[in-house]
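There are 2 protein chains.
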Amino acid sequence: MKAKVYVTLKKSISDPKGTAVKSSLNQLGFQEVKEVRMGKYIEIEMQDMPKEQAKETVQSMCKKLLANEVMETYQIEIMEGQK
Amino acid sequence: MKAKVYVTLKKSISDPKGTAVKSSLNQLGFQEVKEVRMGKYIEIEMQDMPKEQAKETVQSMCKKLLANEVMETYQIEIMEGQK
Chain A
1 MKAKVYVTLK
11 KSISDPKGTA
21 VKSSLNQLGF
31 QEVKEVRMGK
41 YIEIEMQDMP
51 KEQAKETVQS
61 MCKKLLANEV
71 METYQIEIME
81 GQK
Chain B
84 MKAKVYVTLK
94 KSISDPKGTA
104 VKSSLNQLGF
114 QEVKEVRMGK
124 YIEIEMQDMP
134 KEQAKETVQS
144 MCKKLLANEV
154 METYQIEIME
164 GQK
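Residue numbers (the working numbering), protein chains in the order written: chain A, 1 to 83; chain B, 84 to 166.
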């Protein structure tokens, strides 16, 4: 089974990477872009287990390693039966 | 409106970051983890426009800046009416 984790900076935290990408996009002619937020996208291939257990396990991975909870928030998606 | 872009390395490309995260997770006791792929998660806040036009615009952003098409693939999600 596969888990997808999206880690982003908290809204209150400034995002210099996002600001840089936004101004580059504007310079490339994409004036419609108002704001850009950059984050991490993590795909985890795991042994099969019940969905709820998988979610708790991945939450524990986020707390211990994948996300810095002081500055970042994370969302978890569990995809059953996906390679 | 908001666009979400997920940029990941092509399967054929080795992912040293993902390998490092996988071994760290295994060392932390998460033996159920078999593989980890790291990528970029980008949120773009844009002026409202028709969904199809927004998708084409973001695809153009990916080709020009957000993704390196030699090594990476990307997925785009358009969220209408979302701040």
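All residues carry an ideal CB built from backbone N, CA and C; glycine is no exception.
State the CB to CB distance for the pair Y6(A) and G29(A), rounded to an integer number of angstroms; the pair is presumed to be in contact (CB under 8 Å).
Contact flag wrong, Cβ pair sits at about 28 Å.
For the pair the stretch 154–164 of chain B and the stretch 90–105 of chain B, tell me if three or more CB-CB distances fall below 8 Å.
Short answer: they touch.
Does DSSP put Q75(A) in a helix, a strand or coil?
In this structure, Q75(A) counts as strand in the three-state DSSP scheme.
Check this for me: beta carbons of S107(B) and L65(A), under 8 Å apart or not?
Taking 8 Å as the Cβ cut-off, S107(B) and L65(A) qualify as a contacting pair.
Nearest-angstrom Cα distance between E163(B) and E77(A)?
Cα to Cα, E163(B) sits roughly 21 Å from E77(A).
Starting from E139(B) and walking both ways along the beta strand (DSSP E), at which residues does that stretch end?
Run containing E139(B): none in the beta strand (DSSP E); it sits in the alpha helix (DSSP H), 134–144.
Quick one: what does DSSP say V7(A) is sitting in, helix, strand or coil?
Looking at V7(A) - three-state DSSP - the assignment turns out to be strand.
Kindly indicate if chain B contains any beta-carbon less than 8 Å away from that of I42(A).
With 8 Å as the cut-off, I42(A) counts as an interface residue toward chain B.
Along the chain, where does the beta strand (DSSP E) that runs through M122(B) open and close?
What sits at residue 122(B) in the sequence shown is Gly, not Met. 116–129 is the extent of the beta strand (DSSP E) around G122(B).
With L108(B) as the anchor, note down where its alpha helix (DSSP H) starts and where it stops.
That run of the alpha helix (DSSP H) goes 99–110.
Does any residue of chain A bring its CB to less than 8 Å from the CB of E155(B)?
Not one chain A Cβ lies under 8 Å of E155(B).
Do V119(B) and V104(B) count as a contact pair if the criterion is CB distance below 8 Å?
Closer than 8 Å, so yes.
Can you name the residues that DSSP bridges to K85(B)?
K85(B) is bridged to E128(B), M162(B).
Less than 8 Å between the C-beta atoms of E128(B) and K34(A), yes or no?
Yes. Within cutoff.
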